[in-house]
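S.K.: Residue numbers are given in the working numbering: position 74 of the sequence shown equals residue 577, and the series is strictly consecutive. Glycine is no exception: its CB is placed at the ideal position from the N, C-alpha and C atoms. Keep in mind that this is a model prediction, so the values were computed, not measured.
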Amino acid sequence: DDEELELLSKDDKIVIYEKNGKKYKRFVPIREKVNEILDFFDIVVRGKGGVENGLDVFERNYLEEAIMHVFTELKITTHPDSLFEEGIKEVNGRIIQSQVRKKEPEILQIYEYIEKRYKEAPDAKRLLHAIKPFLRTGSKPIFDGQTNLGTNVKQSLDESRLINFNISQLEEGFLRPIAFHVILNYLWEYFAKNPQHATRRKFIYCDEIWQFIDNEQTVAFFEKIARRIRKRHGGLCYASQDFVRLLRNPKSRGILTNSHTLLFLKQNKIDKEEVRRNFDITEGELNILFGNPAKGEGILKTGDSSIWLRTDPSDEELLFIESNPAVLEEMLKQKEMQMR
Numbered sequence: 504d505d506e507e508l509e510l511l512s513k514d515d516k517i518v519i520y521e522k523n524g525k526k527y528k529r530f531v532p533i534r535e536k537v538n539e540i541l542d543f544f545d546i547v548v549r550g551k552g553g554v555e556n557g558l559d560v561f562e563r564n565y566l567e568e569a570i571m572h573v574f575t576e577l578k579i580t581t582h583p584d585s586l587f588e589e590g591i592k593e594v595n596g597r598i599i600q601s602q603v604r605k606k607e608p609e610i611l612q613i614y615e616y617i618e619k620r621y622k623e624a625p626d627a628k629r630l631l632h633a634i635k636p637f638l639r640t641g642s643k644p645i646f647d648g649q650t651n652l653g654t655n656v657k658q659s660l661d662e663s664r665l666i667n668f669n670i671s672q673l674e675e676g677f678l679r680p681i682a683f684h685v686i687l688n689y690l691w692e693y694f695a696k697n698p699q700h701a702t703r704r705k706f707i708y709c710d711e712i713w714q715f716i717d718n719e720q721t722v723a724f725f726e727k728i729a730r731r732i733r734k735r736h737g738g739l740c741y742a743s744q745d746f747v748r749l750l751r752n753p754k755s756r757g758i759l760t761n762s763h764t765l766l767f768l769k770q771n772k773i774d775k776e777e778v779r780r781n782f783d784i785t786e787g788e789l790n791i792l793f794g795n796p797a798k799g800e801g802i803l804k805t806g807d808s809s810i811w812l813r814t815d816p817s818d819e820e821l822l823f824i825e826s827n828p829a830v831l832e833e834m835l836k837q838k839e840m841q842m843r
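#1: Assign residue 524 to one of three DSSP states: helix, strand, or coil.
#2: Return the CA-CA distance between residue 533 and residue 539, expressed in angstroms with no decimal places.
#3: How about residue 671 and residue 722: are their beta carbons less than 8 Å apart?
#4: Kindly give me the distance between the Cβ atoms of residue 681 and residue 646, rounded to whole angstroms, as I take these residues to be in contact under 8 Å.
#5: State the beta-bridge partners of residue 739 as determined by DSSP.
#6: What three-state label does DSSP hand residue 686 in the structure shown?
#7: Give the list of continuous alpha helix (DSSP H) stretches no shorter than 4 residues that lie fully inside the stretch 531-613.
#8: Could you pull the start and end residues of the beta strand (DSSP E) that residue 765 belongs to?
#9: Looking only at its own chain, which residues have a Cβ that is under 6 Å from the Cβ of residue 741, when we skip the five neighbours before and after it?
#10: Would you list the residues sitting across from residue 800 in a DSSP beta bridge?
#11: Nearest by alpha-carbon distance to residue 808: which of 785, 824, 836 is it?
#12: Please confirm whether residue 572 and residue 616 have their CB atoms less than 8 Å apart.
#13: Is the CB-CB distance between residue 631 and residue 618 below 8 Å?
#14: Determine the contact status of residue 531 and residue 575, defining contact as a CB-CB distance below 8 Å.
#15: Does the Cβ of residue 706 have 16 or more other Cβ atoms within 10 Å, making it buried, or fewer, making it exposed?
#16: So residue 463 packs on residue 772, CB below 8 Å; how close in whole Å?
#17: When the Cα of residue 690 is compared with those of 702, 667, 519, which residue comes out closest?
#18: When you compare the CB positions of residue 550 and residue 717, do they come within less than 8 Å of one another, or not?
#19: With contact counted as at least three CB pairs below 8 Å, one residue from each stretch, are the stretch 582-590 and the stretch 627-641 in contact?
#20: Considering just the uninterrupted stretch of the alpha helix (DSSP H) at residue 720, what are its terminal residues?
Written out as structure tokens, the structure is:
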């Protein structure tokens, strides 16, 4: 899209093709990917709760040098074909012939490059110490390796109508925000931007976004998706209990600005003036939201129009979205008893 095109230089390799009378440019946004990888490491070095400082200028330089070295080693350029290689591979139990996707850069490759060249540099020590637990040999190895949907899972984003990423069991305040950022990036690259799905309607759903509002990199990336996903024939849907935090954060406020449709459910009474001041909601609608609405009852606003409604999810939908293990176990037991 336009933002990616702005990062191209005259020496970058692109492919121009024509479809339905229109010309399109295909390329790998290398510079954007470098920035996204830097954002990942910035979250890592901030530590639990994000209390540490982000990457300094020296650490960013070491990382950028290492990332570009790995891209060069893998022979990945701005040309789309550089992401593939000829051959036969087994991927998730399937034999793939002809062009197969190359392996992508891994944390270990970046760490080893910096460690080999700069381990004695004082301004590289913090970075190396921060990354080490995230290596496949460390205590937090889940991010070091090739991305997949799980061991023995043969379905892919291309084949499944609905995929749920449950990160509720990950460490709150550290691993969970990192996982959210990684999954969001993965869905943007492999789902929303997939040219095979250019004409299909697609949606990314994110629950409890308030948990990640204080993470500057994730909020910026989420806001980017909110702005750009419509160009990809897609939509972004998110839920938040504490939406006032979104309003008060300049970056996350941009997420609300790019949201055409909003569903307001039961609100905390202390937020009434915030809702009145920021949204065109009538006094009658405010009374519904801040009275005692039933579960699932609320006001749906699309543009200048609004409607009073109540959602009624099916048992199957409730099973799919339930994230509390104890509640889910009880629901499954009840379902099993009903089937006897």
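M.R.: With the structure as the only source:
#1: Looking at residue 524 - three-state DSSP - the assignment turns out to be coil, as it is neither helix nor strand.
#2: The straight-line gap from Cα to Cα measures roughly 10 Å.
#3: No. Outside cutoff.
#4: Confirmed, about 7 Å.
#5: BP columns for residue 739 point to 707.
#6: Residue state, collapsed to three classes: helix.
#7: If only complete runs of 4 or more residues are kept, the stretch 531-613 shows the alpha helix (DSSP H) at 533-549, 560-576, in order along the chain.
#8: Following the DSSP letters along the chain, one finds residue 765 inside the beta strand (DSSP E) bounded by residues 764-767.
#9: Excluding sequence neighbours, residue 741 sits near 709, 712.
#10: Residue 800 pairs with 813.
#11: Comparing Cα positions, the closest option is 785.
#12: The beta carbons of residue 572 and residue 616 sit closer together than 8 Å.
#13: Between residue 631 and residue 618, the CB-CB gap stays under 8 Å.
#14: Result no, Cβ atoms of residue 531 and residue 575 do not sit closer than 8 Å.
#15: With a threshold of 16 other beta carbon atoms within 10 Å, residue 706 falls short and is exposed.
#16: Any question about residue 463 goes unanswered here, given that the chain covers just 504 to 843.
#17: Nearest C-alpha to residue 690: 667.
#18: Contact flag unset, no.
#19: Contact check between the stretch 582-590 and the stretch 627-641: fewer than three CB pairs, one atom from each, fall below 8 Å, which does not count as touching.
#20: Segment 719-731, the alpha helix (DSSP H) holding residue 720.
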